[in-house]
Structure formats: C-alpha cells, structure tokens
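Student:
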Amino acid sequence: MNVIFHEDFYQTYTSDPAAEAGRMESIVSVLDGRVDFLRAEPAAEADIAAVHTDTHIHHVRAYGLYDLAALAAGATIQAAMIGLEDPAFALVRPPGHHASAGRSWGFCYFNNMAVAVAKLKREGRIERAFILDIDLHFGDGTVNILGSQDFATIVNPSASRASDYLRQVEEALPSEGVGLIAVSAGFDYGKGDWGGVLAPEDYREIGRMVQEAAIDCGAGCFAVLEGGYNHRVLGVNCLAFLEGLGDLPW
Ligand SMILES: [Zn+2]
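For the sequence shown, position 202 matches number 264 in the working numbering, and the numbering has no gaps at all.
(1) Who's in the neighbourhood of ligand 1, going by beta-carbon under 5 Å from any heavy atom, listed in chain order?
(2) Based on DSSP bridge pairs, tell me the residues matched to residue 242.
(3) Going along the chain, which residues of its own chain have a beta-carbon closer than 6 Å to the beta-carbon of residue 152, five neighbours each way excluded?
(4) Measuring straight from C-alpha to C-alpha, what distance separates residue 70 and residue 90?
(5) Would you mind sorting residue 204 into buried or exposed? The rule is 16 or more other CB atoms within 10 Å of its CB.
(6) Please classify residue 70: does DSSP put it in a helix, a strand, or coil?
(7) With H, G and I counted as helix, E and B as strand and the rest as coil, what does DSSP make of residue 88?
(8) Give the straight-line distance between the Cα atoms of residue 229 and residue 114, rounded to the nearest whole angstrom.
(9) How is residue 272 classed by DSSP in three states: helix, strand or coil?
(10) Do we get a CB-CB distance below 8 Å when we pair residue 202 with the residues of chain B?
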C-alpha cells in the first residue's frame, strides 16, 4: 500500500487538536515497515482554485498556511491518481472535509478530498465518484463543494453502535456505476477517541468493504486522513483500516 506523506506534516502549525505535536508520529510509527511511503508534492494553485474562491485562498495565504494546506491537497491528488490502480492513502494534515468553497472551520483549510476528486473528474479520469466520510463529524465542506455535482455521491454514516454503523456503510457502498470510491478517513469515531464507537476490527471491516465494493465496481479507491485525536489509538485504528483497504497481511 502506498502512503503519501511529507515530513512537513510533522509541523505543529496551529494550536488545534489536528495540529498537535506527536499526532502524525503516532500514525507513522505504527505504519512504518508495513507500507511504502511516497513523498508528497504540493497541489497546483489552479487545482485548488477549481474548488475554492480566490478570497478563501487569499485568507489561507494570509494566515500563513497556504504551503502546508497545498501540500496536503497535493498528497491527496497523488493518492487519488495512484488509487485508480491500487489502493492508496494520503497521510496528511491539515484535514479538509470542513472546508467549503469560500470558507473553512474545524481545523480545515483546503478541501483535500474535493480538490483531488474534482481534478480526476475534470481530467476525464473518472465519470462518477462515491465518497464515504467516516469521520465523527459531518463533512459539510465536501457536501458544499461536491454535493450539488451530479457525478459525486457523498455518504456520512452516523450511529451510536458499531454494528449499526457497519450496516450503514455496507448498505451505502455501491456495487456498480462508479469509477472511484474515496474515503474521508477520520478516526475520531474510534473507541478511546471522541466518538467512542468503532474498534480497530470495525475499521478493518470498513476498509475491507470499501475494497470489495471497488473491486465489484471495477473502480479505484483511496483514502485521506481527516480527524482522529487520541494518539494512543489513532495509529492502530488507521493501520487496521488500511489492512482492510489494501489487503495488508495481519
Ligand atoms: Zn472529526
């Protein structure tokens, strides 16, 4: 499994929980030796401007986070491109799913998912995309940007029991008709994290279901990191998900 990463993501760029010291290290230390790390490249400004307003881009630049946010978006584009052939994961921050076209909140700046999926669509690499957002929080930014586009279907499951959650994922995943299944992979629904619902085996099962759906559809698949804040369980949950998504031995 290819994991797109850059050492710049270790930066503690703000005081929010997504930017906390040690957060990326907690994932890298668990994935190390199990995956192939590829170096992230920044997104072109044109690819960001295709989904965000000039005013928003200006605000992110003025805030001093343009370069890091563009690197996260670029890593997600790389994961999406690779994902058309083999499952891939963009291990990035800042996260993106609360970034709308013209504003952002919730520790997000550019919508990494929307930048990547919109680029694949624009370039004719996919006809239709299915986006599964498994973060604890509703991905309002992704819905703002892609929700009104005919080519994208977006699902945000929500449940207080793991069995209900897994059933929602299973029922939502397509079996035909899409060229890409993309996962906004937040891990804050995890036990020990803010949501307290999903165990590592649940994340493994979600990954497995996504991979199976992608095979059924003849589609590519990739995931990008969103939330997840307890450094003691974040790496384990992330690895379990990738084991399911990418057929890693476990
Ligand atoms: Zn979240």
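Positions of the beta carbon are idealized from the N, C-alpha and C atoms, including for glycine.
From a predicted model like this one, the values you see are computed outputs, not experimental measurements.
Tutor: This is what the structure holds:
(1) 197, 198, 199, 248, 250, 289
(2) To locate residue 242, count along the sequence shown from 1; it is residue 180. Per DSSP, 191, 282.
(3) For the purposes of this step, residue 152 is taken as residue 90 along the sequence shown, with counting starting at 1. Result list for residue 152: 66, 137, 138, 141, 286, in chain order.
(4) Here residue 70 corresponds to residue number 8 of the sequence shown, with the count starting at 1. Here residue 90 corresponds to residue number 28 of the sequence shown, with the count starting at 1. Roughly 13 Å between the two C-alpha positions.
(5) Position 142 of the sequence shown, counted from the start, is the residue given in the question as residue 204. Classification for residue 204: buried.
(6) Position 8 of the sequence shown, counted from the start, is the residue given in the question as residue 70. DSSP places residue 70 in helix when its eight states are reduced to three.
(7) Numbered from its first residue, the sequence shown carries residue 88 at position 26. If DSSP states are grouped into helix, strand and coil, residue 88 belongs with the helices.
(8) Position 167 of the sequence shown, counting from 1, holds the residue named residue 229. Position 52 of the sequence shown, counting from 1, holds the residue named residue 114. The straight-line gap from Cα to Cα measures roughly 34 Å.
(9) Start at 1 with the first residue of the sequence shown, and residue 272 comes out as number 210. Three-state result, residue 272: helix.
(10) Reference to chain B is not applicable here, since this structure consists of a single protein chain.
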